[in-house]
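Visitor:
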Amino acid sequence: MAIKVDLEKACDQIRWDFIKYTILDAGISLFFSNVIMECVSTVSTQILWNGIPSDIFFPMRCIRQGCSLSPYLFVLSMERLGLLIHKETNVDRVFIICDVLSLFGAASGHKVNGTKTNIFFSKNINANISTEICNILGFSMTDNLGSYLGENWIAGTPSCYKWLVELLWQGQFIINTQLFHAIYEDPYFYRKRD
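At position 115 of the sequence shown the residue is numbered 115 (the UniProt record's numbering), and the sequence of numbers has no breaks.
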């Protein structure tokens with residue numbers, strides 16, 4: 001089972017204290033975390049209303065879109081969600097997923113957009129169980145999670161990653177036959193063969 005979670009206004013809702021604790025938990029020193037938080041939290045904003053600028057105000061949360069740190073901070077915060085959800089899921093554990101998403105939302109400031117969140121189930125999952133899980137979570141079932149950077153999220157057949165093999169052969173890459181076969185058989189990690 002895979003859940004594609006959509007967060008409402010993902011960059012606008014994240015709390016700064018959550019970012020700071022996430023940075024510290026990632027092993028970044030206190031000095032550098034303070035420098036990063038200084039960059040994040042010293043934002044001032046003005047709104048242009050009918051051609052007249054408003055008073056300057058200071059937001060209490062969010063990461064700036066366009067800031068070079070923002071993608072890294074967002075990925076680190078999403079890693080926290082990934083650590084909360086790390087076990088195989090079944091109907092009994094669906095309530096744990098609800099609790100985890102609520103806990104993550106309370107800690108980070110994020111809110112899950114249930115209308116845009118989808119669940120993908122393996123063909124090995126019973127249809128009744130799939131329907132029950134969707135009903136409990138309030139998310140819709142999908143057979144396609146879409147694509148990212150032009151590639152499908154779920155790889156099914158070798159044709160899904162054939163482009164990678166072709167790219168390796170067309171480019172200036174020099175690879176040995178064992179490595180080629182390892183990539184062709186399993187594109188996600190290399191297993192050493194004897």
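Note that beta-carbon positions come from the ideal geometry of N, C-alpha and C, so glycine has one too.
From LEU73 to ILE19, what distance separates their C-alpha atoms?
Guide: Sequence index remark: in the sequence shown, residue 73 carries index 73 (1-based). Sequence index remark: in the sequence shown, residue 19 carries index 19 (1-based). LEU73 and ILE19 have their C-alpha atoms roughly 7 Å apart.
Visitor: With distances taken from CA atoms, which of PHE57, ASN126, VAL35 and GLU79 is nearest SER44?
Guide: Position 44 of the sequence shown, counted from the start, is the residue given in the question as residue 44. Proximity to SER44 across PHE57, ASN126, VAL35 and GLU79 peaks at PHE57, based on C-alpha coordinates.
Visitor: Taking ALA107 as the reference, give the member of ASN126, SER122 and ARG80 with the closest Cα.
Guide: Position 107 of the sequence shown, counted from the start, is the residue given in the question as residue 107. Here the closest residue by C-alpha is ARG80.
Visitor: Rounding to the nearest angstrom, what Cα-Cα distance links ASP99 and ASN135 in this structure?
Guide: For the purposes of this step, residue 99 is identified with residue 99 of the sequence shown, where counting begins at 1. For the purposes of this step, residue 135 is identified with residue 135 of the sequence shown, where counting begins at 1. Approximately 15 Å between the Cα atoms of the pair.
Visitor: At the level of alpha carbons, what is the spacing between SER122 and PRO53?
Guide: Within the sequence shown, numbered from 1, the residue matching residue 122 stands at position 122. Within the sequence shown, numbered from 1, the residue matching residue 53 stands at position 53. Taking the straight line joining both Cα atoms gives about 53 Å.
Visitor: Please name the residue or residues paired with LEU48 in a DSSP beta bridge.
Guide: The residue you call residue 48 lines up with position 48 of the sequence shown. Answer is PRO53.
Visitor: Return the chain-ordered list of same chain residues with a C-beta closer than 8 Å to the C-beta of SER33, the five sequence neighbours on each side being excluded.
Guide: Here residue 33 corresponds to residue number 33 of the sequence shown, with the count starting at 1. Correct list, in chain order: LYS20, ILE23 and LEU24.
Visitor: Beta-carbon within less than 6 Å of LEU76's beta-carbon, same chain only, minus the 5 sequence neighbours each way: which residues are those?
Guide: By 1-based counting over the sequence shown, the position of residue 76 is 76. Same-chain partners within the cutoff: THR22 and ALA26.
Visitor: Return yes when the C-beta of CYS39 is under 7 Å from any heavy atom of the ligand SAH, and no when it is not.
Guide: Questions concerning the ligand SAH fall outside what the structure shown contains, since it holds no ligand whatsoever.
Visitor: On the CB-based measure, 16 or more other CB atoms within 10 Å of its CB, does GLY82 come out buried or exposed?
Guide: Sequence index remark: in the sequence shown, residue 82 carries index 82 (1-based). When all chains shown are included, GLY82 counts as exposed.
Visitor: If I measure Cβ to Cβ from THR142 and keep anything under 6 Å in the same chain, skipping five residues before and after, which residues do I get?
Guide: Within the sequence shown, the letter at position 142 stands for residue 142. The answer, listed in chain order, is ASN118 and PHE120.
Visitor: Just the C-alpha distance for ILE14 and LEU103, rounded to the nearest angstrom, thanks.
Guide: For the purposes of this step, residue 14 is taken as residue 14 along the sequence shown, with counting starting at 1. For the purposes of this step, residue 103 is taken as residue 103 along the sequence shown, with counting starting at 1. Roughly 14 Å separates the two Cα atoms.
Visitor: Taking C-alpha atoms, which residue in TRP49, THR131, GLY109 and VAL40 lies nearest to PRO71?
Guide: Here residue 71 refers to the residue found at position 71 when the sequence shown is read from its first residue. The shortest Cα separation from PRO71 among TRP49, THR131, GLY109 and VAL40 belongs to VAL40.
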